[in-house]
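> Each residue of the sequence shown is one higher than the last, beginning at -1 in our numbering.
One structure, pasted below without further comment.
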Amino acid sequence: MGKLAGPIIVMAFSMLALGPAIAGTKERTLTISVWGLEPDRCRVKFEGAEYIIPDADDELRSALIASRKRANGLHVISDMTTPWRCVGAVMTYGGRAKFKKIGFIAEPPSHEWGVEPLW
């Protein structure tokens, strides 16, 4: 190898390791909460605002698209009583807003339900 091979290899590894920091990209995840209401409606809380879907579908989609510029991940939080159609709708809206990562977090049942935790 020539005299420059060592420094070039070290510089290449440094750029790989520091690439996101140099580019200014930071992983940030937003949280969106979902609850079921009546048989055909869901309540969604996102960044301090509440939306009732399907009535406020367009407003929620717009809010998700606008927030996508500040974050690349979305955590969907609900409890055990939330219908899957509500969770699925919010995850679909997040995907259409181009979030790179969408996670789902279900809160465990509480003691008020008469269910003991498994752990």
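Heads up, the beta-carbon is just placed ideally off N, CA and C, and yes, glycines get one too.
Treat the numbers as computed from the prediction; the structure is a model and nothing was measured.
#1: What is the residue span of the alpha helix (DSSP H) that A87 lies within?
#2: First and last residue of the beta strand (DSSP E) that includes L28?
#3: Roughly how many angstroms lie between the CA atoms of K67 and E45, to the nearest whole one?
#4: Using the beta-carbon count (16 or more within 10 Å), is I103 buried or exposed?
#5: Counting only the same chain and skipping the five closest in sequence on each side, list residues whose C-beta sits under 7 Å from that of S65.
A quick look at the data gives this:
#1: For this step, residue 87 is matched to residue 89 along the sequence shown. 82 to 94 is the extent of the alpha helix (DSSP H) around A87.
#2: Here residue 28 is taken as the residue at index 30 of the sequence shown, counted from 1. Residues 27 to 34.
#3: Stepping through the sequence shown from its first residue, residue 67 is reached at position 69. Stepping through the sequence shown from its first residue, residue 45 is reached at position 47. Near 14 Å, if we compare the C-alpha coordinates of E45 and K67.
#4: As a working note, residue 103 is residue 105 in the sequence shown. Answer is exposed; the Cβ neighbour count stays below 16.
#5: Start at 1 with the first residue of the sequence shown, and residue 65 comes out as number 67. Result list for S65: L28, E45, in chain order.
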